[in-house]
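The structure appears below as structure tokens.
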Amino acid sequence: MFVLSMGAFNMKDASSKRRVTILGSTGTIGANTLDVLAQHPDKFIVHALTAHKDVEKLFAQCQRYQPRYAVMVDVVAAEKLSTLLQTANLPNIQVLAGAQGLIDVAADAQTDDVMAAIVGAAGLLPTLAAANAGKKILLANKEALVMSGALFMQAVQKHGATLLPIDSEHNAIFQCLPINDSRSLIERGVQRIWLTASGGPFRETPIEQLANVTPEQACKHPNWRMGQKISVDSATMMNKGLELIEACWLFDIAPDFVEVVIHPQSIVHSLVSYSDGSVLAQMGNPDMRTPIAHALAWPERMRVSVEPLDLFKVAVLDFKRPDITRFPCLQLATDAAKQGGTASTILNAANEIAVEAFLNKQIRYTDIATIVDSVLNKLPSQIVSDIPTVLAVDEEARAFARQMIKPSFTQVCAS
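Numbers in my numbering are just positions in the sequence shown, counted from 1, shifted up by 28.
So, in structure tokens, the structure goes:
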């Protein structure tokens, strides 16, 4: 039997193991998190798993990890999952349906750690619920900070939540920063944060050919295995722009102190420059299980089955300044970060609509930046006063972006 909301929770049972809820367990980050947890059954229990509508994958995960709760945002999918679990004789797994289910498991009193791995704006409210409940949050959903950075960080501080970054770049920065105290990063000697970027699949493609690249080509990342949306964002470098915004909120630093550098090998995950001339870098093979394991074990370390870095095999590390002509989305995101307010909310909303249209072959690859730029110019930035304001601006930006995806775009794309 599935329910739309969890209602009251049972009191947490006594256990030394940490109970982990994974928001977005069927995605790449979710699957990698489960792999890490499976390597340490003495330390962790899978408490709740969530997905949008991938019934088969979530059912398989439920069979293996037997969580207390399984959430499907799609109500029809939740009914199917409930039936499958009953047939498989797994009646103790309670199936929840709807977006409220995500919020409920994120704030559940029995949950210790919340992996926030839902892609896009859909992850905002459940991740915020985890912050309001004072959880240890493993943040892979950058949109929570891109859309509502000030409000989200206020919730973390007010409710005593622990916020640990999972993006390989932000996790690397976190590892390279000085021990936290009451002073700002600048006061502690930090001069610059370097966000590394692979440059994606089109870093060498002639610019005049970019209009004709396909979704399949854009999703073929040279170094990382990721979902479709984030793969396209990596190709346009919008992902790096969103990470720049996220870094500013995570580490309380101005955009001018963050610089993006293309590093094709994806071995150096980010760097921090100090006033004494030191530059600290975190390195490792491109494997998301490393930052996941780091955050799960923090402040300790734990083993994980990641291939050790062989410096002799790597041999050469390249670094290059990004070409804004090739990557206009990076400039749009940087400008939004400097503008502040709801500019980054508008940026993210327009980008999500444009990327979806590109994946559906309604627009061309180069139209993504055009649409985002137009929406940013159309809608003025506002002060971020509360979550309803953020959600209203998000929906307005999406509506305007959808209006731009006209038949003329589709016809050009199909020609």
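Cβ coordinates follow ideal geometry from the N, Cα and C atoms, glycine included.
Requested in this report: Identify every residue that forms a DSSP beta bridge with residue 141.
Outcome: 48 and 164
Query raised in the report: According to the Cβ coordinates, are residue 383 and residue 260 closer than 8 Å?
Result: yes
Query raised in the report: Roughly how far, in whole angstroms, is the beta-carbon of residue 361 from the beta-carbon of residue 266, given that I think they are within contact range, below 8 Å?
Result: 6 Å
Query raised in the report: Which stretch, first to last residue, makes up the beta strand (DSSP E) that contains residue 220?
Result: 218-225
Query raised in the report: What residues in its chain sit with their C-beta under 6 Å from that of residue 142, if we drop five residues either side in the sequence?
Result: 49, 134, 158, 163 and 165
Query raised in the report: Among residues of its own chain, excluding the 5 on either side of residue 403, which ones have a beta-carbon nearer than 7 Å to its beta-carbon?
Result: 374, 378, 425, 428 and 429
Query raised in the report: Hey, quick one: how far does the alpha helix (DSSP H) through residue 243 stretch, first residue to last?
Result: 243-246
Report task. Taking the CB atoms as reference points, tell me whether residue 279 and residue 201 lie closer together than 8 Å. Result -> yes
Query raised in the report: Do you know offhand how far residue 246's Cα is from residue 407's?
Result: 28 Å
Requested in this report: Determine the direct distance from the alpha carbon of residue 395 to that of residue 330, and round the result to whole angstroms.
Outcome: 44 Å
Query raised in the report: How is residue 264 classed by DSSP in three states: helix, strand or coil?
Result: helix
Query raised in the report: Using 8 Å as the threshold, is the region 284-294 in touch with the region 338-347, meaning 3 or more CB pairs across them?
Result: yes
Requested in this report: Find the nearest neighbour of residue 416 within the set 176, 236 and 87, judged by alpha-carbon distance.
Outcome: 176
Report task. Could you check if residue 137 is buried or exposed, using at least 16 other CB atoms within 10 Å of its CB as the buried criterion? Result -> exposed
Query raised in the report: Mind checking residue 132: buried by the 16 CB within 10 Å criterion, or exposed?
Result: buried
Query - Coil, strand or helix - residue 194 by DSSP - result: coil
Query raised in the report: How long is the line joining the alpha carbons of residue 268 and residue 172, rounded to whole angstroms?
Result: 15 Å
**Report entry** Bridge partners - residue 302, DSSP secondary structure assignment
**Finding:** 218
**Report entry** Close beta carbons around residue 364, own chain, < 6 Å, minus the five adjacent residues each side
**Finding:** 371, 372 and 375
**Report entry** Whether residue 155 touches residue 320 by CB criterion (8 Å)
**Finding:** no
Query raised in the report: Would residue 336 be called buried (16 or more neighbouring beta carbons within 10 Å of its own) or exposed?
Result: exposed
Query raised in the report: Is it buried or exposed for residue 207, if we count other Cβ within 10 angstroms and need 16 for buried?
Result: exposed
Query raised in the report: Rounded to the nearest angstrom, how far is the Cβ of residue 170 from that of residue 328, given a contact under 8 Å?
Result: At roughly 25 Å, the Cβ-Cβ gap does not stay under 8 Å, so residue 170 and residue 328 are not in contact.
Report task. Would you kindly work out how many angstroms separate the C-alpha atoms of residue 185 and residue 85, rounded to a whole number? Result -> 35 Å
Requested in this report: Taking only the alpha-carbon atoms, compute the straight-line gap between residue 392 and residue 386 and give it to the nearest angstrom.
Outcome: 6 Å
Query raised in the report: Any idea which residues DSSP pairs residue 309 with across the strands?
Result: 299
Requested in this report: Helix, strand or coil for residue 77, going by three-state DSSP, please let me know.
Outcome: strand
Report task. Report the three-state DSSP secondary structure of residue 100 (helix, strand or coil). Result -> strand
Query - Residues that residue 290 bridges to, as DSSP identifies them - result: 225 and 348
Query - Beta carbon of residue 229 nearer than 8 Å to that of residue 198 - result: no
Query raised in the report: Looking at C-alpha atoms only, which residue of 347, 277, 128 and 139 is the closest neighbour of residue 297?
Result: 347
Requested in this report: Output the boundary residues of the alpha helix (DSSP H) element that contains residue 324.
Outcome: 317-325
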